[in-house]
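Numbered per numbering that gives the first Met the number 0, the sequence shown finishes at 444, counting up by one with no gaps.
Note that CB positions come from ideal geometry on N, CA and C, so glycine has one too.
No experiment lies behind these values; they were computed from the predicted model shown.
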Amino acid sequence: MHPHTLYLHRVLHTLLSLYLGQESEYASMRDIPLPESRWLEEVLPGQEVNFEERVVLLLALMPHIHPQTLDLFFIQNKNFDRPFTEFGGWKGLSHGGFLPTGETAVFLLSGQEAERRGEVIRLFDKDHWFYTRDILRLEGHASGEPLLSGRLVVSDDFLSRILYGREFHPDYSTNFPAKRITTRLAWDDLVLPYNLCEELNNISTWLKNEESIRQRWQLDRIIKPGFRCLFYGPSGTGKTLTATLLGKRNAMEVYRIDLSMVVSKYIGETEKNLAGIFDRAEHRNWILFFDEADALFGKRTQTQSSNDRHANQEVAYLLQRVEDFPGMVILASNMKENIDDAFLRRFQSVLYFPVPDERLRLQLWQKMIPAEWIGKNEDLLSYAASFTLSGGSMVNVIQHCAIKLSQQPTPLLTSEILRAAIVKEQAKEGKNIPKNPTSTAPVIR
Numbered sequence: 000m001h002p003h004t005l006y007l008h009r010v011l012h013t014l015l016s017l018y019l020g021q022e023s024e025y026a027s028m029r030d031i032p033l034p035e036s037r038w039l040e041e042v043l044p045g046q047e048v049n050f051e052e053r054v055v056l057l058l059a060l061m062p063h064i065h066p067q068t069l070d071l072f073f074i075q076n077k078n079f080d081r082p083f084t085e086f087g088g089w090k091g092l093s094h095g096g097f098l099p100t101g102e103t104a105v106f107l108l109s110g111q112e113a114e115r116r117g118e119v120i121r122l123f124d125k126d127h128w129f130y131t132r133d134i135l136r137l138e139g140h141a142s143g144e145p146l147l148s149g150r151l152v153v154s155d156d157f158l159s160r161i162l163y164g165r166e167f168h169p170d171y172s173t174n175f176p177a178k179r180i181t182t183r184l185a186w187d188d189l190v191l192p193y194n195l196c197e198e199l200n201n202i203s204t205w206l207k208n209e210e211s212i213r214q215r216w217q218l219d220r221i222i223k224p225g226f227r228c229l230f231y232g233p234s235g236t237g238k239t240l241t242a243t244l245l246g247k248r249n250a251m252e253v254y255r256i257d258l259s260m261v262v263s264k265y266i267g268e269t270e271k272n273l274a275g276i277f278d279r280a281e282h283r284n285w286i287l288f289f290d291e292a293d294a295l296f297g298k299r300t301q302t303q304s305s306n307d308r309h310a311n312q313e314v315a316y317l318l319q320r321v322e323d324f325p326g327m328v329i330l331a332s333n334m335k336e337n338i339d340d341a342f343l344r345r346f347q348s349v350l351y352f353p354v355p356d357e358r359l360r361l362q363l364w365q366k367m368i369p370a371e372w373i374g375k376n377e378d379l380l381s382y383a384a385s386f387t388l389s390g391g392s393m394v395n396v397i398q399h400c401a402i403k404l405s406q407q408p409t410p411l412l413t414s415e416i417l418r419a420a421i422v423k424e425q426a427k428e429g430k431n432i433p434k435n436p437t438s439t440a441p442v443i444r
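As structure tokens, this is what we get:
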């Protein structure tokens, strides 16, 4: 048995023996020696854990690591032929063991001393480290029922560290309509206009040094935690990639919110879905990325019907959550004009991502096209750069070329293959390449 499991077992056995008037090895729970193992301290670096906090935390963890330890609470009150009310607890849908509630924690730490209940309840305040470090919370007490009837719920992140020794990455689902996005590219792979790169470097500086910047000149009195930003511009210009690389550069996970699953036609459901995302992200070092944000962050309308009022309430709720979120929120849109002005006023940065000019397109082609495709025909890159394409469209062109070259014995890119791929890509956007483009195709020697 794990030393901390054995410790809680002794605590429970001592408490119940004393409570029921039976013989006990210890006169008080506090007389039980603490385990020599520093297990809890290792998973909670820098956190001092007192007796009460240790007991409550172990109580909440037991259903996950050694559920039979809590079977002691199944004893019946013979006076009423039912479980002891003061033990609290609830029955799960599939779990057959005892699941502790706030009432269980209060009984453990205060017994029949009613005056101590308030001290225990304070463990579940929002300023306690259980909450601020996203470790443990009370959840699920029904309307009109006592607060302490709520379940003791260990956060997924803390539980993952306890059970698997790693951070928790939530899966995309109806309960969490967001997906973690990553990239194999590096910051140096970004090809953007100089002024945009400067702004992104400023954002990165903030993400690395937010606390010191806010506290150095006592700016935390007027500057809220977090950072809010709008990326706007045509599709394929690097908005999503930039958000992902900002996270990678600053060791932050990036989650793209699926607005199709967030927005609901039922009153109150959109706010509920948003709350689930923001509540889970609040204590984590995440970037929340709202792609195609117009659907949720669009301009409010004049109130003419109940639907208009409902939509405006959603925007107002979202505005408050975005403003209060202590992490980074990035909105992406094709057009800035589509975003409600109330959001724009609260953004620290509004950044335009243009279609790259010819100089930037040349840099992109140089980074993306494999050198062995070009050989000695370096003029082919300049030829490719003469066509107006976004970075996303260039990737599609390269894929078309790769398919063609994979069918040939030698992967040597020609102007004919390249031009055909560009024609195919631009046709999707309804564009036609002139028969005699300003930049002529290089001759293959």
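Expressed to the nearest angstrom, what Euclidean distance is found between the alpha-carbon atoms of residue 126 and residue 42?
20 Å
Helix or strand or just coil, what does DSSP make of residue 221?
For residue 221, the secondary structure class from DSSP, reduced to helix, strand or coil, is coil.
Determine the DSSP secondary structure at residue 90, reduced to helix, strand or coil.
In this structure, DSSP gives residue 90 a state outside helix and strand, which the three-state scheme calls coil.
Quick one: which unbroken alpha helix (DSSP H) runs of 4-plus residues sit fully inside the stretch 300-380? Chain order, please.
305-323, 340-345, 357-367, 370-373
DSSP three-state label for residue 49, please.
coil
What residues are listed by DSSP as bridge partners for residue 177?
256
Beta-carbon spacing of residue 246, residue 286 below 8 Å
yes
Which of helix, strand or coil does DSSP assign to residue 82?
Of the three classes helix, strand and coil, the one that applies to residue 82 here is strand, per DSSP.
Sub-8 Å separation of residue 64 and residue 176 beta-carbons
no
In three-state DSSP terms, what is residue 440?
For residue 440, the pLDDT reaches just 49, beneath the cut-off of 50, and the residue's location in the model is therefore unreliable, although a value from the coordinates is still provided. Coil.
Less than 6 Å between C-beta atoms, sequence neighbours within five positions excluded: which residues of the same chain meet that for residue 282?
133
Residue 446 by DSSP, collapsed to three states: which one?
Since the displayed the chain opens at 0 and closes at 444, residue 446 lies outside it and no answer follows.
Identity of the residue in 409, 396, 324 nearest residue 417 by Cα
The shortest Cα separation from residue 417 among 409, 396, 324 belongs to 396.
Alpha carbon of residue 374 to alpha carbon of residue 411, nearest angstrom:
7 Å
Residue interval of the beta strand (DSSP E) (run including residue 138)
135-138
Separation of residue 13 from residue 77, as counted between CA atoms:
20 Å
Inspect the CB distances between the stretch 324-335 and the stretch 209-225 and report whether three or more fall short of 8 Å.
yes
Kindly confirm or deny that the stretch 265-280 and the stretch 183-197 touch, where touching means at least three C-beta pairs closer than 8 Å.
Contact fails between the stretch 265-280 and the stretch 183-197, because fewer than three Cβ pairs, one in each stretch, are under 8 Å apart.
Who are the Cβ neighbours of residue 258 in its own chain at under 6 Å, not counting the five residues just before and after it?
294, 295
Quick one: which unbroken beta strand (DSSP E) runs of 3-plus residues sit fully inside the stretch 98-170? Chain order, please.
135-138, 150-153
Among 429, 413, 58, the one whose alpha carbon lies nearest that of residue 153:
Among 429, 413, 58, the Cα nearest to that of residue 153 belongs to 58.
Can you grab the Cα-Cα spacing for the pair residue 108 / residue 93, in whole Å?
28 Å
When you compare only the Cα positions, how much space is there between residue 290 and residue 244?
15 Å
Three or more beta-carbon pairs under 8 Å between the stretch 413-428 and the stretch 261-270, yes or no?
Pairwise C-beta distances place the stretch 413-428 out of contact with the stretch 261-270, as fewer than three of them are shorter than 8 Å.
Give me the DSSP bridge partner(s) of residue 230.
According to DSSP, which records beta bridges pairwise, residue 230 is partnered with 331, 350.
Kindly say whether residue 375, judged by its beta-carbon, lies nearer than 8 Å to any beta-carbon of chain D.
Within the model displayed, chain D is absent; a lone protein chain is all it includes.
Residue interval of the alpha helix (DSSP H) (run including residue 287):
Careful: residue 287 lies outside any alpha helix (DSSP H), inside the beta strand (DSSP E) at 285-289.
Is the stretch 354-364 touching the stretch 379-387 in the sense that three or more CB pairs, one from each, lie closer than 8 Å?
Counting C-beta pairs closer than 8 Å gives three or more between the stretch 379-387 and the stretch 354-364, which meets the contact rule.
Whole angstroms is fine: what's the gap from residue 55's alpha carbon to residue 106's?
11 Å
To the nearest angstrom, report how far apart residue 351 and residue 253 are at their CA atoms.
20 Å
Buried/exposed call for residue 266, threshold 16 Cβ in 10 Å:
Residue 266 is classed as exposed because its beta carbon has fewer than 16 other beta carbons within 10 Å across all chains shown.
Please classify residue 99: is it buried, with 16 or more other beta-carbons within 10 angstroms of its beta-carbon, or exposed?
buried
How long is the line joining the alpha carbons of residue 198 and residue 219, rounded to whole angstroms?
22 Å
Cβ atoms of residue 69 and residue 87: under 8 Å apart, would you say?
no
Using DSSP with H/G/I as helix, E/B as strand and the rest coil, what is residue 21?
coil
Simplified DSSP assignment, three categories, for residue 398
helix
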